[in-house]
Amino acid sequence: MGRPEDKRDTERIEILGELKGEVTVFQPMAIREISRGGALIETGFPLQLDSLHEFRLTLGDRSVVVKGRVAHCSITDVEHELVLYKAGIEFIEPPERVAAVIHEFIEAIQTGRRAL
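Position 107, counted from 1, in the sequence shown is what the numbering used here calls 88; the numbers after and before it change by one each time, with no gaps.
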């Protein structure tokens, strides 16, 4: 039986020393408030101040990904072993299409509330 590395199309080289990187991992969150410029979200983990992330927002039947900066983050609830955090997110230069989806979602909510 051949070794797994024998199946590679390209050769890997060993890194001597340290080479750093980052990984983007989508974790569940709840959107508590939203505006054209940002959102207040709730997570089960803290977000580092001023860090940049990509957020996938499911807005009705549409989904968009927007880059955002963490403006603030704090613990809001502790229950048994579960800790909840709220974080203020500032959207960073959303593309026109994304901004339009967010705007349309907000307008649909406001229109629905006025009808009540």
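Ideal placement from N, C-alpha and C gives every residue a C-beta, glycine not left out.
Under the rule that 16 or more other beta-carbon atoms within 10 Å means buried, what is residue i, buried or exposed?
i: residue 20; result: buried
i: residue 49; result: buried
i: residue -6; result: exposed
i: residue 75; result: buried
In the DSSP assignment, find the unbroken beta strand (DSSP E) run with residue i in it and report its ends.
i: residue 79; result: Counting along the chain, residue 79 falls outside any beta strand (DSSP E), though it belongs to the alpha helix (DSSP H) covering 77 to 95.
i: residue 24; result: 19 to 24
i: residue 44; result: 43 to 60
i: residue -7; result: Looking at the DSSP string, residue -7 is not in any beta strand (DSSP E), and its letter there is neither H nor E.
i: residue 36; result: 33 to 40
Residue i: which of the options sits nearest, CA to CA?
i: residue 89; options: 43, 57 and 77; result: 43
i: residue 39; options: 86, 76 and 64; result: 86
i: residue 9; options: 75, 2, 59 and 66; result: 66
i: residue 7; options: 25, -6 and 91; result: 25
If you draw a straight line from the C-alpha of residue i to the C-alpha of residue j, how long is it?
i: residue 82; j: residue 14; result: 16 Å
i: residue 84; j: residue 47; result: 13 Å
i: residue 18; j: residue 37; result: 15 Å
Inset, instruction - Decide if the stretch 67 to 74 is in contact with the stretch 89 to 97; the criterion is three or more beta carbon pairs, one per stretch, under 8 Å apart. - result: no
Inset, instruction - Could you tell me whether the stretch 44 to 62 touches the stretch 25 to 35, where touching means 3 or more Cβ pairs closer than 8 Å? - result: Output reads yes: the stretch 25 to 35 touches the stretch 44 to 62.
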